[in-house]
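Participant:
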């Protein structure tokens, strides 16, 4: 299947560069481009994109609020958001993940990494840029949830096996790696992850990462 991509960035040159890159891939196409957050929300509804590459800092409505509106729209339940930020220590990354983004990357990544990230997020996986992940986690623990994001449950209601799986998700392992670590089949690992998401009310793996660290299930520095 072709991945339908919406590009949201207020810089024309950046959008043009990303559009050329995405269009060069045989398994994806650019269906719309937005220069503001409000345009991104409107085009998400009209263009029926599978994934939005969203800049955090945009005029009119920033990428965080745009992501929150998209994530709250039941008609857009299948739309994934991949946030791009200029700086690895962007203070708004956690807010974007809480708002419903499925992952983030810094803008200076290699072209092939961006295409791989789009494929990963479109397939339902979360993605955290490797460089700033440890700093992101530390910030998660320091930054209280303001309550503007729908509450996600804690891990207290999970079984011991589910807690083990959640901890491995928080460490960045995919389903195959979780299966290897716990001696499970990949299908069983996938089933565990899906069940955990259902119990916690999480929309994707990025929210599971937040739950794992905010609850103290995983401690920064032990990953």
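Residue numbers (the numbering used here): 744 to 966. Where is the CB? At the ideal position from N, CA and C, for every residue including glycine.
Could you tell me which of 802, 910 and 925 sits nearest to residue 957, measuring between CA atoms?
Facilitator: To locate residue 957, count along the chain shown from 1; it is residue 214. Looking at the Cα atoms, 910 is the closest of the given residues.
Participant: Please determine, among 825, 905, 765 and 757, the residue with the shortest C-alpha to C-alpha distance to residue 935.
Facilitator: To locate residue 935, count along the chain shown from 1; it is residue 192. Residue 905 is the option with its Cα nearest to residue 935.
Participant: Which residue comes first and which comes last in the alpha helix (DSSP H) that contains residue 971?
Facilitator: There is simply no residue 971 to check, as the chain begins at 744 and stops at 966 in what is shown.
Participant: In its own chain, which residues sit with a C-beta less than 7 Å from the C-beta of residue 900, not counting the 5 before and 5 after it?
Facilitator: For the purposes of this step, residue 900 is taken as the residue at position 157 of the chain shown. Contacts found: 942.
Participant: Let me confirm a value: residue 947 is counted as buried when at least 16 other C-beta atoms fall within 10 Å, else exposed. Which label applies?
Facilitator: Counting from 1 along the chain shown, the entry for residue 947 is found at position 204. Residue 947 is buried by the Cβ-count criterion.
Participant: Can you tell me where the beta strand (DSSP E) with residue 1029 in it begins and where it stops?
Facilitator: Past the boundaries of the shown model lies residue 1029; the chain is included only from 744 to 966, so the question cannot be answered.
Participant: Residue 848: beta carbon under 7 Å from a heavy atom of the ligand MN?
Facilitator: Annotation note on the ligand MN: not contained in the displayed structure, which lists no ligands.
Participant: Report the start-end ranges of each alpha helix (DSSP H) in the stretch 781 to 852 that is 4 residues or longer and not cut off at the edges.
Facilitator: 806 to 815 and 836 to 842
Participant: Classify residue 916 as helix, strand or coil using the three-state DSSP reduction.
Facilitator: The sequence position of residue 916 within the chain shown is 173, counting from 1. In this structure, residue 916 counts as coil in the three-state DSSP scheme.
Participant: Thinking just about the alpha-carbon of each residue, which of 944, 939 and 917 is nearest to the one in residue 903?
Facilitator: The residue labelled residue 903 in the question sits at position 160 within the chain shown. Among 944, 939 and 917, the Cα nearest to that of residue 903 is on 939.
Participant: I'd like the list of long-range same chain contacts for residue 925, defined as Cβ closer than 8 Å, with 5 residues on each side in sequence excluded.
Facilitator: For the purposes of this step, residue 925 is identified with residue 182 of the chain shown, where counting begins at 1. Only 904, 907, 908, 911 and 932 meet the Cβ criterion.
Participant: Where does residue 810 land, buried or exposed, given buried means 16+ other C-beta within 10 angstroms?
Facilitator: Numbered from its first residue, the chain shown carries residue 810 at position 67. So residue 810 counts as buried.
Participant: Give me the residue from 815, 819 and 844 with the minimum Cα distance to residue 806.
Facilitator: As a working mapping, residue 806 is identified with position 63 in the chain shown. Taking only the C-alpha atoms, the option nearest residue 806 is 844.
Participant: Rounded to the nearest angstrom, what separates residue 842 and residue 949 at their Cα positions?
Facilitator: Walking along the chain shown from the start, residue 842 turns up at place 99. Walking along the chain shown from the start, residue 949 turns up at place 206. Rounded to the nearest angstrom, the two C-alpha atoms are 11 Å apart.
Participant: Identify which residue in 922, 748, 752 and 945 has its Cα closest to the Cα of residue 829.
Facilitator: The sequence position of residue 829 within the chain shown is 86, counting from 1. That would be 752, whose Cα lies nearest to the Cα of residue 829.
Participant: To which residues of the same chain is residue 803 closer than 7 Å at the C-beta, ignoring the five residues directly before and after it?
Facilitator: Taking the first residue of the chain shown as position 1, residue 803 is located at position 60. Around residue 803: 779, 780 and 781.
Participant: Using the Cα positions of residue 960 and residue 917, report the straight-line distance between them to the nearest angstrom.
Facilitator: Reading the chain shown from its first residue, position 217 is the one you call residue 960. Reading the chain shown from its first residue, position 174 is the one you call residue 917. Near 18 Å, if we compare the C-alpha coordinates of residue 917 and residue 960.
Participant: Spell out a yes or no on whether the stretch 811 to 818 and the stretch 848 to 867 are touching, meaning 3 or more CB-CB pairs, one atom from each, closer than 8 Å.
Facilitator: no
Participant: Note down the Cα distance separating residue 866 from residue 772, rounded to an integer number of angstroms.
Facilitator: For the purposes of this step, residue 866 is identified with residue 123 of the chain shown, where counting begins at 1. For the purposes of this step, residue 772 is identified with residue 29 of the chain shown, where counting begins at 1. Each residue's alpha carbon lies about 15 Å from the other.
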